[in-house]
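The structure appears below as structure tokens.
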Amino acid sequence: MLPKKVEEALNHQIREEFYSSYLYLAMAAYFEDKSLNGFATWMKEQAREEVGHAMRIFNYVTDRRGRVILEAIPQPTTNFSSVQEVFEKALEHEQYITGKINELYALSVEEKDYPTQVMLQWFITEQVEEESTVEAILERVRLIGDHQPALILLDRELAARQSG
Ligand SMILES: [Fe+2]
Ligand SMILES: [Fe+2]
1105 MLPKKVEEAL
1115 NHQIREEFYS
1125 SYLYLAMAAY
1135 FEDKSLNGFA
1145 TWMKEQAREE
1155 VGHAMRIFNY
1165 VTDRRGRVIL
1175 EAIPQPTTNF
1185 SSVQEVFEKA
1195 LEHEQYITGK
1205 INELYALSVE
1215 EKDYPTQVML
1225 QWFITEQVEE
1235 ESTVEAILER
1245 VRLIGDHQPA
1255 LILLDRELAA
1265 RQSG
């Protein structure tokens, strides 16, 4: 049996992952508006992956004979003033999600829920990757500063992100 507290926390995490997808779509829309199509492609792929994360937890809850309760997804921020700010907010958000995953893990330890601990290991590894990827782009965006040609080159590079 999936402990009640863990089930509730997993349901919250499903919403967090859908919210992540929503936030990255809002960022993609900002980039589309600025004709930065490569950045937009990258963010849309990021949004798609977040839906995958939500579904991973969704399927896990149902596999454990738990009940998925979908919660309302808040409206994401749509006000961005620069490419750099978008990536600062993306990094901040991934750090927040890492904190949530860690809290979930701590709860599953407290509840002696071993299968959830194993399931969460994938997310713990994923968060290291997520933070490092966003941080690497942010560093390059900072280096680029106001240099438009370099920004366009990075835009072209990010357009090559493969879905998978
Ligand atoms: Fe995620
Ligand atoms: Fe993420």
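The opening position of the sequence shown corresponds to residue 1105 in my numbering, with each subsequent residue numbered one higher.
Glycine included, C-beta positions come from ideal geometry on N, C-alpha and C.
Separation of residue j from residue i, as counted between CA atoms
{"i": "residue 1271", "j": "residue 1134", "result": "Here the chain comprises residues numbered 1105 to 1268, so residue 1271 is not present and cannot be evaluated."}
{"i": "residue 1114", "j": "residue 1107", "result": "11 Å"}
{"i": "residue 1128", "j": "residue 1159", "result": "17 Å"}
{"i": "residue 1142", "j": "residue 1200", "result": "26 Å"}
{"i": "residue 1215", "j": "residue 1174", "result": "23 Å"}
{"i": "residue 1221", "j": "residue 1205", "result": "10 Å"}
Assigned secondary structure, residue i (DSSP; H/G/I helix, E/B strand, else coil)
{"i": "residue 1180", "result": "coil"}
{"i": "residue 1219", "result": "helix"}
{"i": "residue 1174", "result": "coil"}
{"i": "residue 1113", "result": "helix"}
{"i": "residue 1250", "result": "coil"}
{"i": "residue 1264", "result": "coil"}
{"i": "residue 1106", "result": "coil"}
Assumed close pair residue i, residue j - CB separation to whole angstroms, cut-off 8 Å
{"i": "residue 1238", "j": "residue 1189", "result": "13 Å between Cβ atoms; not a contact."}
{"i": "residue 1258", "j": "residue 1248", "result": "6 Å"}
{"i": "residue 1192", "j": "residue 1255", "result": "Actually they are not in contact, since the Cβ atoms of residue 1192 and residue 1255 sit about 16 Å apart, beyond 8 Å."}
Inter-stretch contact (C-beta, 8 Å, three-pair minimum) for the stretch 1179-1191 and the stretch 1210-1229: In the pairwise beta carbon analysis, the stretch 1179-1191 is classified as not touching the stretch 1210-1229: fewer than three pairs are separated by under 8 Å.
Minimum length 4: unbroken alpha helix (DSSP H) runs contained in the stretch 1117-1203: The stretch 1117-1203 contains these whole alpha helix (DSSP H) runs: 1141-1167.
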